[in-house]
């Protein structure tokens, strides 16, 4: 088993444990927050990257990564703030066995989505290395979760497919050093 596989398994195991402890309702709300953060970061990474290049003098290659991470984190913090009251009221309710099991499964899914997003962003820096990616049995399936979901949703929704194409164009433009 490759080192990258061990790291992936540890992250997925932590997701299982945390999901089991918190239950399905909280995990699903958290997953929706991740989706909102990803969509917001995808939409705003070009304009924010342009500001970083123009105002702060950051290189175009690094600014897109920084812009995506910055917008993603800001949205996550805001969504987390709104979800605090939900967490508080749910913390008093006893969790049933089914809620815990579904929470564990949702926790694994959420961890896999986070890893997939992380692998996408680290792809700009070509990390992990090509030999590590090839050696890993889990890298390819985990890293493909977000792109496959992205394409599948795009096939079902014309509006989302248009959005997906816009984001892919922005990523391509930013990679070429032309923030949008």
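Numbering (the working numbering), first residue to last: 1357 to 1536. C-beta: ideal position from N, C-alpha, C; glycine also.
Going along the chain, which residues of its own chain have a beta-carbon closer than 7 angstroms to the beta-carbon of residue i, five neighbours each way excluded?
i, result
"residue 1521", "none"
"residue 1456", "1376, 1379"
"residue 1502", "1469, 1472, 1473, 1476"
Could you please give the first and the last residue of the uninterrupted alpha helix (DSSP H) stretch that includes residue i?
i, result
"residue 1507", "1501-1512"
"residue 1369", "1359-1378"
"residue 1475", "1453-1478"
"residue 1487", "1486-1491"
What's the gap between the Cα of residue i and the Cα of residue j?
i, j, result
"residue 1460", "residue 1378", "8 angstroms"
"residue 1547", "residue 1381", "The structure shown does not extend to residue 1547, since the chain is modelled only from 1357 to 1536, so the question has no answer here."
"residue 1387", "residue 1486", "29 angstroms"
"residue 1406", "residue 1417", "11 angstroms"
"residue 1369", "residue 1362", "10 angstroms"
"residue 1415", "residue 1484", "22 angstroms"
"residue 1434", "residue 1404", "18 angstroms"
"residue 1495", "residue 1445", "37 angstroms"
"residue 1437", "residue 1389", "11 angstroms"
"residue 1384", "residue 1488", "32 angstroms"
"residue 1504", "residue 1391", "14 angstroms"
Could you pull out every residue in the same chain whose Cβ sits closer than 6 angstroms to the Cβ of residue i, ignoring the five residues on either side in sequence?
i, result
"residue 1398", "1523"
"residue 1393", "1428, 1431, 1432"
"residue 1372", "1460, 1463, 1464"
"residue 1499", "1472, 1475"
"residue 1480", "1421"
"residue 1358", "1491, 1492"
"residue 1517", "1510"
I'd like the list of long-range same chain contacts for residue i, defined as Cβ closer than 8 angstroms, with 5 residues on each side in sequence excluded.
i, result
"residue 1367", "1467, 1470, 1471"
"residue 1425", "1397, 1477"
"residue 1513", "none"
"residue 1400", "1423, 1427"
"residue 1364", "1471, 1492, 1494, 1495, 1498"
"residue 1508", "none"
*asked:* What ranges does the alpha helix (DSSP H) occupy inside the segment 1389-1427, keeping only unbroken runs of at least 4 residues that lie completely in it?
replied: Taken in chain order, the whole alpha helix (DSSP H) runs of length 4 or more contained in the segment 1389-1427 number zero.
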